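All remarks here apply to the structure that follows.
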Amino acid sequence: MSAPPRIVATVAAADLLRRLVAAHGPVMMHQSGGCCDGSAPMCYPAGEFIVGDRDVLVGVLDLRLGAGDVPSALPEGGDAVTVWISGPQFELWKHTQLVIDVVQGRGSGFSLETPEGLRFLSRGRAFTGDETTALAGDEPVTGEQWEAGRRPSVPTVPQIVAEAADACPVPPR
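So the working numbering is basically just the index in the sequence shown, starting at one, shifted up by 676.
Laid out in structure tokens, this is it:
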């Protein structure tokens, strides 16, 4: 089994990210640790949020892709959305795949989607035992390593899902 991506996005989130890139240029995201807007993923112009040496790259979302597409190479420029999380928070969430989604509502005043009437939302899915084993050899990239030129491996499975339930199923009642 190949390592699953630590980050996936819904089609709605990818569409909103594409609109934000068209309006603001390349963007990045940081999974908030609780300040400002709870634990919402925050979207900024690329480089506007200072990534710390110990922050962890959850993944690079590829905006060239549609639902079910598998990337062939890491994206660049406006097609690449780096998603970061603080090192201590990653340690708590490393067993979880983050699913970036969009819902109606007003996001934080700091995040680029605020004027859109939408907000990004993280959903989480615990990795299975087999996925955790597959991830064991896939050390995530830190901010320090990113600055030194290290990049993550290219995902071998789709990163964009039609709906959040495709990546993070809700159990029936």
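The beta carbon of each residue, even a glycine, is placed where N, CA and C say it ideally should be. A quick note: this is a predicted structure, and the numbers were derived from the prediction, not measured.
Listed in chain order, the beta strand (DSSP E) runs fully inside the stretch 754-788 are 756-761, 772-780, counting runs of at least 3 residues.
Going by DSSP, Leu811 is part of the alpha helix (DSSP H) stretching over 805-811.
CA-CA distance, Tyr720 to Glu789, rounds to 9 Å.
In this structure, the straight-line span from the alpha carbon of Gln773 to that of Leu811 is close to 11 Å. When C-alpha distances from Arg827 are compared across Pro845, His771, Ala756, Pro680, the shortest belongs to Ala756.
In this structure, Thr804 sits away from Val732, with a CB-CB distance that is not shorter than 9 Å. Straight-line measurement puts the Cα of Ile761 at about 23 Å from the Cα of Gly781. Under DSSP, Val833 takes part in no beta bridge, so it has no partner.
As a beta-bridge residue in DSSP terms, Ala802 pairs with Thr772. Non-local beta-carbon contacts of Glu724 in its own chain, meaning distances under 8 Å to residues more than five positions away in sequence, involve Met704 in chain order.
Per DSSP, the continuous beta strand (DSSP E) segment holding Leu737 begins and ends at 732-738.
The beta carbons of Gly728 and Gly763 sit closer together than 9 Å. Between the alpha carbons of Leu696 and Phe786 lies a distance of about 14 Å.
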